[in-house]
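Residue numbers (mature numbering (1 follows the signal peptide of the UniProt record, and there is no 0)): -16 to -1, 1 to 382. Notes follow once the structure below has been shown.
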Amino acid sequence: MKTLVLLVALVAGLSAMAIPKQKSGVFTVEMKSIPSLRAKLIKAGKWQKVLADLHTKASGSQPFIDYYDDFYLANVTTGTPPQTFTIVPDTGSSNYWIIDANKCTNQACQGYPDSGYTKHRFDSTKSSTFKNLGTPFSIQYGSGSCDGSLAVDVLSIAGLSYATQTFGLASSIADVFGYQPIDGIMGLGWPALAVDNVVPPIQNLLPTLDKPLFTVWLDRKVQMSTGGNGGLITYGALDTMNCDPTFNYVTLSSKTYWQFAVDSFSVGTYSIAKSQQVISDTGTSWLGGPQNGINDIVQATNAQYDDINQIYTVPCTQTGLPDIVFTIGGMKYNIPATEYVLDLGLGGGNCAITAFDFDFGGFGPQWILGDTFIRTYCNAYDVGGGRIGFSKAHHTSV
């Protein structure tokens, strides 16, 4: 029996969250969420430029539109001695990459001044365990891309280490990443999704965990983010302190993304009464769905389209909005308006509906269940069982 359970804690700010006491076999590391970048760029009048860049640059194998809000970030280290980086733990991808200090030198790689964040870049010349594989890599996300070469070095998370993790050392990153307070991304998806057949970090760490799974709990965020809100990622165990103790599981339909089937979707009097494929994605902040599903949400909430910021809005004070309901494995999972209506500081008393339409071209999932869903229900990613489980999340604020 393995004895290691790894807990990753997000900084809670003023809100309370339950974090187990430190004990043998339990490791905790503080994490943080960041203010809404979308809201910041709207206020600065720069969101339209980012939208234009997104439409011209977004392409490739992971065509997600990430609305950049409410990132939940983790600190990891790479190299010997360890160098620390702030990364996005992302269940919607499978590669780990960070920025090359010696080859990625433009402004995006250093961090744009508007972001208020100076990036940490990996200096391979200062690591005694670094090995350059020299193999080119390129990863396309919906929000941008990164390019560079593959390398091998020690990866550590809260004292849990893997000595020979293959990772991407980025010599070029998209401009949009330059605005975000991140140094890279750590994919938590399946090996089949990994670029260049790299073994994802979670697969390498599995033998050291008490159970081959991890649980994600995200604290509630219903006002415009000022950062510091909390959450918890538990590696090796279920989080029964911040989540209801009973998790209901469904078998994955594909081991690429964390993909599974929903029985139906409904909002108010509108519904799609057929099975559809969805993915759980911690790297996407909102709900992504097919045009007909998003139209149902718009009609049920009487939302209006904001042409300038390209989002749907409702009055922040509007009451009586219906739940968005996904039926999964015969059980209904309701997302209340307190989770899908977000204050981005748009002005005019308007708030955003945290949903967007996208098209996978008929070959991929129809829905992306991002942080809007994951804040409502803890997600248990059972790697060993090839399944995913859900449990009601506990929150101390409304």
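Note that beta-carbon positions come from the ideal geometry of N, C-alpha and C, so glycine has one too. None of the values given here were measured: they were computed from a predicted structure.
Since residue i and residue j are thought to touch, with beta carbons under 8 Å apart, how far apart are those beta carbons, to the nearest angstrom?
| i | j | result |
| --- | --- | --- |
| asparagine 79 | isoleucine 141 | At roughly 16 Å, the Cβ-Cβ gap does not stay under 8 Å, so asparagine 79 and isoleucine 141 are not in contact. |
| tyrosine 219 | leucine 202 | About 16 Å separates the two Cβ atoms, so there is no contact after all. |
| tryptophan 81 | phenylalanine 151 | 6 Å |
| phenylalanine 374 | tyrosine 361 | 4 Å |
| phenylalanine 121 | aspartate 137 | That pair is no contact at about 15 Å. |
| aspartate 180 | leucine 216 | Not a contact, Cβ separation roughly 31 Å. |
| tyrosine 70 | aspartate 167 | The sequence shown places threonine at residue 70, rather than the tyrosine named in the question. The Cβ separation is near 5 Å, so the contact holds. |
| leucine 144 | threonine 75 | Leucine 144 to threonine 75, Cβ: 18 Å. No contact. |
| isoleucine 352 | leucine 236 | Rounded, the Cβ-Cβ distance is 15 Å, inconsistent with contact. |
| glutamine 164 | phenylalanine 106 | Contact flag wrong, Cβ pair sits at about 17 Å. |
| cysteine 88 | serine 156 | 6 Å |
| valine 367 | leucine 190 | 6 Å |
| lysine 239 | alanine 176 | 6 Å |
For residue i, list the residues DSSP reports as bridge partners.
| i | result |
| --- | --- |
| aspartate 366 | Leu197, Arg371 |
| phenylalanine 244 | Val262 |
| tryptophan 351 | Val262 |
| methionine 315 | Ile312 |
| valine 138 | The partner list for valine 138 (beta bridge, DSSP) is empty, contrary to what the question assumes. |
| alanine 131 | Note that residue 131 is aspartate in the sequence shown, not alanine. Aspartate 131 pairs with Ser122, Ser156. |
| asparagine 334 | Pro299 |
| asparagine 103 | For the record, residue 103 in the displayed sequence is lysine; it is not asparagine. Note: lysine 103 sits in no beta bridge, so no partner. |
| glutamine 67 | Thr62 |
| tryptophan 81 | Gly152, Ile169 |
| lysine 376 | Tyr361 |
| aspartate 74 | Gly171 |
| glycine 272 | Phe340, Ile352 |
| leucine 144 | Ile141 |
| lysine 239 | Trp242 |
| cysteine 227 | Ala377 |
Could you give the first and the last residue of the continuous alpha helix (DSSP H) run that contains residue i?
| i | result |
| --- | --- |
| leucine 189 | 185 to 189 |
| cysteine 93 | 91 to 94 |
| glutamine 275 | 275 to 285 |
| alanine 339 | Careful: alanine 339 lies outside any alpha helix (DSSP H), inside the beta strand (DSSP E) at 339 to 341. |
| threonine 322 | 321 to 324 |
Buried or exposed for residue i, please, with buried defined as at least 16 other CB atoms from any protein chain shown within 10 angstroms of its CB.
| i | result |
| --- | --- |
| isoleucine 292 | exposed |
| asparagine 286 | exposed |
| threonine 109 | exposed |
| proline 185 | buried |
| aspartate 223 | buried |
| threonine 62 | buried |
| alanine 158 | buried |
| serine 259 | exposed |
| lysine 195 | buried |
| threonine 119 | exposed |
| glycine 315 | Sequence inspection shows methionine at residue 315; the glycine mentioned does not correspond to that position. So methionine 315 counts as exposed. |
| serine 77 | buried |
| glycine 277 | buried |
| threonine 199 | buried |
| glutamine 149 | buried |
| proline 65 | exposed |
| aspartate 280 | buried |
| glutamine 6 | At glutamine 6, the pLDDT of 35 sits below 50, so the modelled position is not reliable; the number obtained from the coordinates is stated separately. Looking at its Cβ environment, which holds fewer than 16 other Cβ atoms inside 10 Å, glutamine 6 is exposed. |
| proline 229 | exposed |
| alanine 377 | buried |
| phenylalanine 347 | exposed |
| threonine 380 | exposed |
| tyrosine 289 | exposed |
Under DSSP, the beta strand (DSSP E) around residue i begins and ends at which residues?
| i | result |
| --- | --- |
| isoleucine 166 | That residue, isoleucine 166, is in no beta strand (DSSP E); it is neither H nor E in DSSP. |
| glycine 118 | 115 to 125 |
| glutamine 288 | 288 to 290 |
| threonine 235 | 232 to 235 |
| threonine 62 | 56 to 62 |
| threonine 253 | Where threonine 253 is concerned, there is no enclosing beta strand (DSSP E), given that its DSSP letter is neither H nor E. |
Of all the CB atoms in chain B, is at least one closer than 8 Å to the CB of residue i?
| i | result |
| --- | --- |
| glycine 173 | Among the chains of the structure shown, chain B does not appear; only one protein chain is present. |
Contact between the region 304 to 316 and the region 244 to 252 (3+ Cβ pairs under 8 Å): yes
At least three beta-carbon pairs within less than 8 Å, the region 250 to 266 to the region 357 to 366: yes
Sufficient close CB pairs (3 or more, under 8 Å) joining the region 334 to 347 to the region 295 to 310: yes
The region 94 to 105 touching the region 117 to 134, judged by at least three CB pairs closer than 8 Å: no
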